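To start, the structure itself, in structure tokens.
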Amino acid sequence: MRYDFMHRDIFVAELDLDDSSGWIQNVLRIENKDHMPVGTMIEDSSLDVDRLKRWWINRSIPMSRSGIRGVLSELDITSTSVLLTKSMGLGLSDQYWIRLSGTDVNWSDVNFFENPFTEDLGDLLIGYDTGKIDIDLLSPDCTTEGNLKKRWKIIDGKRFLVKGGSGPERQEPLNEVVAHHIADSMHVYSVRYDLLWEESEPYSICEDFVSSDQDFISMYHILHTGKKDSSVYLQTVNCCDAIGIDIVPFLDRMIVLDYIIANGDRHLNNFGLIRDAVSLEWISPAPIFDSGSSMGFDQPTAYITRGMNYVSKPFNKNPEKQLSLVTDLTWIDFDGVHKAIDESYDVFSSSERIDRNRTDAILSMMSSRTDHIEKISKK
Numbered sequence: 121m122r123y124d125f126m127h128r129d130i131f132v133a134e135l136d137l138d139d140s141s142g143w144i145q146n147v148l149r150i151e152n153k154d155h156m157p158v159g160t161m162i163e164d165s166s167l168d169v170d171r172l173k174r175w176w177i178n179r180s181i182p183m184s185r186s187g188i189r190g191v192l193s194e195l196d197i198t199s200t201s202v203l204l205t206k207s208m209g210l211g212l213s214d215q216y217w218i219r220l221s222g223t224d225v226n227w228s229d230v231n232f233f234e235n236p237f238t239e240d241l242g243d244l245l246i247g248y249d250t251g252k253i254d255i256d257l258l259s260p261d262c263t264t265e266g267n268l269k270k271r272w273k274i275i276d277g278k279r280f281l282v283k284g285g286s287g288p289e290r291q292e293p294l295n296e297v298v299a300h301h302i303a304d305s306m307h308v309y310s311v312r313y314d315l316l317w318e319e320s321e322p323y324s325i326c327e328d329f330v331s332s333d334q335d336f337i338s339m340y341h342i343l344h345t346g347k348k349d350s351s352v353y354l355q356t357v358n359c360c361d362a363i364g365i366d367i368v369p370f371l372d373r374m375i376v377l378d379y380i381i382a383n384g385d386r387h388l389n390n391f392g393l394i395r396d397a398v399s400l401e402w403i404s405p406a407p408i409f410d411s412g413s414s415m416g417f418d419q420p421t422a423y424i425t426r427g428m429n430y431v432s433k434p435f436n437k438n439p440e441k442q443l444s445l446v447t448d449l450t451w452i453d454f455d456g457v458h459k460a461i462d463e464s465y466d467v468f469s470s471s472e473r474i475d476r477n478r479t480d481a482i483l484s485m486m487s488s489r490t491d492h493i494e495k496i497s498k499k
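Residue numbers 121 to 499, in this note's numbering, belong to the letters of the sequence shown in order.
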């Protein structure tokens, strides 16, 4: 089937899409190179078709998502990528979408930033038995990444992402709240997370940080705009410099926060930049988000108590070596960080799944890591 690939109301390209798989079969023509997704055009201004195909298919829910196979079975759909065409590729992190060629559907008619959307699919993804036979699939839930159960909700006219946890502790939602609190104590720009309890299950809830005229572009795609460097860190700095963004102060803060909370999941799709979707001007780094896979969330308490080694991302697998990339530590309010860590006791103690020993181990681990950074800052 032929589809118009759109960026807001700008016709970007015409695609041949296979409705049975959701995959791009061919790019029939390009109408506007400037509005192609970041990182899909190569230096001679030609399209890297394989990159566009990967960009598109990566919009779909990963097949590793908790409970997704049961959802697909209930919907009688073979793959999450099929949901892309059924939802017009619409999401709440950027302004890209598709429409059947020959139709005159406008962005204002369908975008989820301004229009209501069904919660049918969200209910299924989060694990609710909806009892419905016909599920409306025109939903931003079709384009959410990550392995944890999650769904979008409209609350008082605003778009919120609700995300669950994993394992017996269901610790990730609590970690999100604590990570924001610690970031806030250092005046680090981060997404605010709150706790939502449903049937004794903790969920984190946060408002969409992308507005109706913006795109979030992950660092993974931004790195495709420049040449490879001697390290991912230098490549990140140089690619951002090339588009007019001084990313170093942000990276300093992100690396420090991730070190304190022992975050092992800051991959290149977990941070990035905000771009104006109309002018294509780069605005700023996106706020820090998605910090739940931290604080020993999937480790036994005894392991956390012993200090917990972990593999860091995205610049070095060794947390100490990654921390050494930080250029400035003078901005850290260490007393404020310790106070925020102490106050995190109430967050963890609100869950019946996390006992006092585990809470004490988590807080002690973060305090020790903060003390270590403070010693470095005094040298």
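We treat Cβ as the ideally placed atom computed from N, Cα and C, and that holds for glycine. Just so you know, these numbers come straight off a predicted model, no measurement behind them.
Residue burial annotation: Ala-460 is buried, with at least 16 other C-beta atoms found within 10 angstroms of its C-beta.
Counted as a single uninterrupted DSSP element, the stretch harbouring Asn-438 is not any beta strand (DSSP E), since DSSP gives it neither H nor E. Straight-line spacing of the CA atoms in Cys-262 and Arg-271 works out to 9 Å.
Counting C-beta atoms within 10 angstroms of its own C-beta, His-307 has fewer than 16 neighbours from the protein chains shown and is therefore classed as exposed. Taking the C-beta atoms as reference points, Leu-268 is found nearer than 8 Å to Glu-292. Note that the C-beta distance between Tyr-313 and Ile-302 is not below 8 Å. The C-beta of Arg-489 has 16 or more other C-beta atoms within 10 Å across all chains shown, which makes the residue buried. For Cys-360, the uninterrupted alpha helix (DSSP H) run begins and ends at 352-362, by DSSP.
Beta-bridge partners of Arg-290 (DSSP): none assigned. Closest by C-alpha distance to Lys-437, out of Arg-219, Val-298, Val-352 and Gly-190, is Val-352. Excluding sequence positions up to five before and after Ser-469, its CB lies within less than 8 Å of the CB of Arg-476 and Thr-479, all in the same chain and listed in chain order.
The segment 417-424 and the segment 388-400 do not touch, with fewer than three beta-carbon pairs separated by less than 8 Å. Beta-carbon to beta-carbon, Trp-143 and Ile-197 are separated by about 14 Å, too far to satisfy the 8 Å threshold. Closest option to Ala-382, judged by alpha-carbon separation, among Met-339, Ser-487 and Asp-136: Ser-487. Rounded to the nearest whole angstrom, the CA to CA distance from Ser-413 to Pro-288 is 14 Å.
Under a 10 Å Cβ-count criterion, Pro-157 is classified as buried, with 16 or more other Cβ atoms of the shown protein chains found around its own Cβ. By the C-beta density criterion, Pro-439 is buried, having at least 16 other C-beta atoms within 10 angstroms. As a beta-bridge residue in DSSP terms, Arg-271 pairs with Val-282. With a beta-carbon spacing of about 5 Å, Asp-240 and Asp-256 fall inside the 8 Å limit used to define contacts. In the three-state DSSP reduction, Ser-165 falls in the coil class, being neither helix nor strand. In the displayed model, Ile-403 falls within a strand according to three-state DSSP.
Met-126: member of the beta strand (DSSP E) spanning 122-127, first to last residue.
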